[in-house]
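Worksheet: one structure, shown below.
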Amino acid sequence: MSGMVTQVRPPRRSVQIGALVPLSRPGWVEAGQHLLAGLELAVREVNDGGGVVGRPVELVVRDTAADPQRAAAAVDELARLGVAALAGEYHSVVARAAAARADALGLPFLCSSAVLDALTEQPTEWVARLSPPQSRGWQVYADFLLGAGHSRIAVAAQPSVYWASGTRILRDHLAPRGGTVVELDMSALTPAAVCDELVDRRATALLLLVGHPEPAVPIVRSVRRDRRLAEIMIGAPAGQPEFAEWAMLLGGDGAGVPFLRYLPERLTPLGARVETALRERLDGAPSFVAFEGYDTVAVLADVLRSHGADRARTAESWPRVEVEGTRGQIQFSRTPGISVWQWAGPPIQVVDRDHANLDRFRVLHAG
Numbered sequence: 001m002s003g004m005v006t007q008v009r010p011p012r013r014s015v016q017i018g019a020l021v022p023l024s025r026p027g028w029v030e031a032g033q034h035l036l037a038g039l040e041l042a043v044r045e046v047n048d049g050g051g052v053v054g055r056p057v058e059l060v061v062r063d064t065a066a067d068p069q070r071a072a073a074a075v076d077e078l079a080r081l082g083v084a085a086l087a088g089e090y091h092s093v094v095a096r097a098a099a100a101r102a103d104a105l106g107l108p109f110l111c112s113s114a115v116l117d118a119l120t121e122q123p124t125e126w127v128a129r130l131s132p133p134q135s136r137g138w139q140v141y142a143d144f145l146l147g148a149g150h151s152r153i154a155v156a157a158q159p160s161v162y163w164a165s166g167t168r169i170l171r172d173h174l175a176p177r178g179g180t181v182v183e184l185d186m187s188a189l190t191p192a193a194v195c196d197e198l199v200d201r202r203a204t205a206l207l208l209l210v211g212h213p214e215p216a217v218p219i220v221r222s223v224r225r226d227r228r229l230a231e232i233m234i235g236a237p238a239g240q241p242e243f244a245e246w247a248m249l250l251g252g253d254g255a256g257v258p259f260l261r262y263l264p265e266r267l268t269p270l271g272a273r274v275e276t277a278l279r280e281r282l283d284g285a286p287s288f289v290a291f292e293g294y295d296t297v298a299v300l301a302d303v304l305r306s307h308g309a310d311r312a313r314t315a316e317s318w319p320r321v322e323v324e325g326t327r328g329q330i331q332f333s334r335t336p337g338i339s340v341w342q343w344a345g346p347p348i349q350v351v352d353r354d355h356a357n358l359d360r361f362r363v364l365h366a367g
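full-length UniProt numbering applies: residue 1 is where the sequence shown begins, and numbers increase by one.
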């Protein structure tokens, strides 16, 4: 009797997406956790719906730890592994390093959360971005400052391309409108010395252009406890107060610190559903960064369904993207002064934590 032949189908090879996320210090770990939660939720939903081109999507995660060199090495590794595209990154200086390598290697990169205008030195077809450019968001923040009556602004800044860019944007926008910006070098000043500088400069607002939790938290504590500065406003355009750790470490001292976040007045129906799922996944309210993560995979999955996993075809598709995201319709275009394909429509708000309820955010201004 002839033997029965059983045909064994090889397992379907997954479509891999590389994910760059800060998951350890000095990266903003909570931001990384929210970004990853959004990415993972979207991948799970894509796979529940059949994957892309009949294949499951696999997220290949690398911790960038706010280190540009580590991120560049991760891009090299992920390219060798054969990922179809890159997603993620929160820190701008890290995303810039990743974008440079992705551009050099011909690897599509959809940046989720980094805002530095000059993400690449030259215009590139390989990189697209969901988050708004820093110039747009920080100009909205500058308008908020002026509207709130603040024209003498001090910035407590650490050395960084990102912080230097933010200072320049604020100064360029405020100066023609009667505002002044003085920079306090946090590589040379203690939190107590910052308080003395604020008094001497007669500043009405202090902006935290520094890392979190160090040195942001000690600076806030010092200013809040200095009776000479009872009327000063503390602000954090980069979004440090967005995360639960801020409220946990500072309590009431962390309320009333306006920051930028990229959420609309109302989420889309998709966004409302995703918010519920993210809240369960994170065991708390999701930040806008989690929605950026979800939208990143939603866009990439749509592109991969339409064009397959070919890297060149993915990059060619950026200008044809039309995807319903959690925060609005996503399309990419060329924006003057921006070197990558840019979503022109991300919502921008200035919000703070309510003194009466630290878990509640108040919308102070919208751009």
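Cβ atoms here follow ideal geometry from the backbone N, Cα and C, with glycine treated the same way. Quick caveat, the model's predicted, so the values are computed rather than measured.
What's the call for residue 81, buried or exposed, on a 16-neighbour Cβ count within 10 Å? exposed
Excluding the 5 residues flanking residue 236 on each side, which residues of the same chain have their C-beta closer than 6 Å to its C-beta? 208, 257 and 259
Where residue 89 falls, given that 16 or more other Cβ within 10 Å makes a residue buried: buried
Inter-stretch contact at 8 Å, needing at least 3 Cβ pairs: the segment 222–241 / the segment 171–189: no
Look up residue 183 in the DSSP assignment and give the residues it is bridged to. 155
For residue 169, which of helix, strand or coil comes out of DSSP? helix
With a CB to CB cut of under 6 Å and the five nearest residues on each side skipped, what residues in its chain are close to residue 6? With a pLDDT of 40 at residue 6, under the threshold of 50, the modelled position of that residue is not reliable, and the figure given next carries that caveat. Answer for residue 6: no residue qualifies.
If you measure between the beta carbons of residue 72 and residue 26, is that distance less than 7 Å? no
Between the segment 196–206 and the segment 157–171, are three or more C-beta pairs nearer than 8 Å? no
Return the residue from the list 255, 137, 15 and 21 that minimises the CA-CA distance to residue 357. 255
For the ligand MN, is there a heavy atom less than 6 Å away from the beta-carbon of residue 322? With respect to small molecules bound, the structure shown includes none, and the ligand MN cannot be examined in it.
Which runs of the alpha helix (DSSP H), 4 residues or longer, sit entirely within the segment 239–279? 244–250
Extent of the continuous beta strand (DSSP E) to which residue 352 belongs: 349–353
Since I believe residue 253 is in contact with residue 220 (beta carbons under 8 Å), could you give me their beta-carbon distance rounded to a whole number of angstroms? 6 Å
Which residues does DSSP pair with residue 88 in a beta bridge? 20 and 111
Pop quiz: residue 96 and residue 116 are said to be a contact at Cβ under 8 Å. What is the actual Cβ separation, rounded to whole angstroms? 6 Å
Tell me the DSSP secondary structure of residue 150 in three-state form. coil
Buried/exposed call for residue 373, threshold 16 Cβ in 10 Å: Because the chain spans 1 through 367 in this model, residue 373 falls outside it and cannot be assessed.
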